[in-house]
Amino acid sequence: MPHAHTHTSMHEIEQGLARDWVEIVATVLLALATVASAWSAYQSAAWSGIETTKFSSAQAARTQAAEADEKADSLRAVDTFLFAGYADAYARGDMRLVEFYETNLFRDEMIPALDAWKATNPLTNPEATRNPFEMPEYKLAEDEKARELQAKAAEDTREARSAIKTSDRYILFTVLFASVLFFAGISTKFRASGIRLAVLVMGALLFFGTLAAVLLQPMS
Numbered sequence: 418m419p420h421a422h423t424h425t426s427m428h429e430i431e432q433g434l435a436r437d438w439v440e441i442v443a444t445v446l447l448a449l450a451t452v453a454s455a456w457s458a459y460q461s462a463a464w465s466g467i468e469t470t471k472f473s474s475a476q477a478a479r480t481q482a483a484e485a486d487e488k489a490d491s492l493r494a495v496d497t498f499l500f501a502g503y504a505d506a507y508a509r510g511d512m513r514l515v516e517f518y519e520t521n522l523f524r525d526e527m528i529p530a531l532d533a534w535k536a537t538n539p540l541t542n543p544e545a546t547r548n549p550f551e552m553p554e555y556k557l558a559e560d561e562k563a564r565e566l567q568a569k570a571a572e573d574t575r576e577a578r579s580a581i582k583t584s585d586r587y588i589l590f591t592v593l594f595a596s597v598l599f600f601a602g603i604s605t606k607f608r609a610s611g612i613r614l615a616v617l618v619m620g621a622l623l624f625f626g627t628l629a630a631v632l633l634q635p636m637s
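Going letter by letter, the sequence shown gives residues 418 to 637 in my numbering.
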């Protein structure tokens with residue numbers, strides 16, 4: 418009998434040690450999963466803020482691009498109107514009037530295109546362009562500004578959509594870490610050591626698998 422009593426006591430001690438070990442690991446896993454879950458939730462919120470900021474920036478850039486386009490169209494209309502009188506004077510050989518247009522009426526952006534157009538000898542060269550607006554030298558700063566703003570709007574929109582996806586992934590990670598909390602918490606409730614260990618292992622695998630995925634994500 419004493420021998421049996423000693424054997425039983427040793428078995429109980431071993432079970433107690435195993436239970437303590439499971440509880441210690443479960444406690445550590447609970448702490449890690451809690452921190453990781455909070456971190457993922459924070460990242461999700463941060464990327465959601467980036468999404469909002471980028472969409473707002475894209476909208477502002479599109480609005481500014483539209484304004485630049487409208488201004489460019491107005492300047493182009495003015496240049497076209499002035500060129501009608503200029504072309505008539507140039508065709509008649511009225512150089513004083515031509516010079517007056519170039520010096521006092523045309524904008525600075527128009528002059529390079531006019532010079533390039535005149536260099537083609539438009540009055541005698543049948544292959545010359547009909548007007549300076551078809552020349553590559555005719556450039557409007559507002560056109561370039563509009564293109565840059567449209568490119569910025571497109572880039573901001575792309576980044577906003579990317580931020581949405583990143584935020585959604587962090588929401589998923591938050592849910593997965595919450596599942597780890599469940600596994601770690603319930604692992605100590607089972608009496609059978611095999612079940613306790615199996616549940617704890619599942620929780621640990623889920624934690625480290627999710628953590629590996631988190632480490633591959635961009636962080637705000």
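The beta carbon of each residue, even a glycine, is placed where N, CA and C say it ideally should be.
Since the structure is predicted, the reported quantities are computational estimates derived from the model, not experimental observations.
Only residues of its own chain outside the window of five on either side were considered, and among them S454, S457, A458, S461 have a CB closer than 7 Å to the CB of T591, listed in chain order. With a threshold of 16 other beta carbon atoms within 10 Å, K471 meets it and is buried.
Within a 10 Å sphere around the beta-carbon of M636 sit fewer than 16 other beta-carbons, which makes this residue exposed. Residues Q634 of the same chain have their beta carbon placed closer than 7 Å to that of R586, with the five preceding and five following residues left out of the count. A direct Cα-Cα distance of roughly 38 Å separates A482 from L540. Restricting attention to S604, K569, F600, the CA atom closest to the CA of R479 is found in K569. Contact between T469 and F550 does not hold, since the beta-carbon distance rounds to 42 Å and is not under 8 Å. Between V439 and R578 a beta carbon distance of about 45 Å is seen, past the 8 Å cut, so the two are scored as non-contacting. Here E559 is near A485, since their CB atoms are less than 9 Å apart. Taking the Cα positions, P553 is about 13 Å away from R547.
L632 sits away from V597, with the two beta carbons spaced by 9 Å or more.
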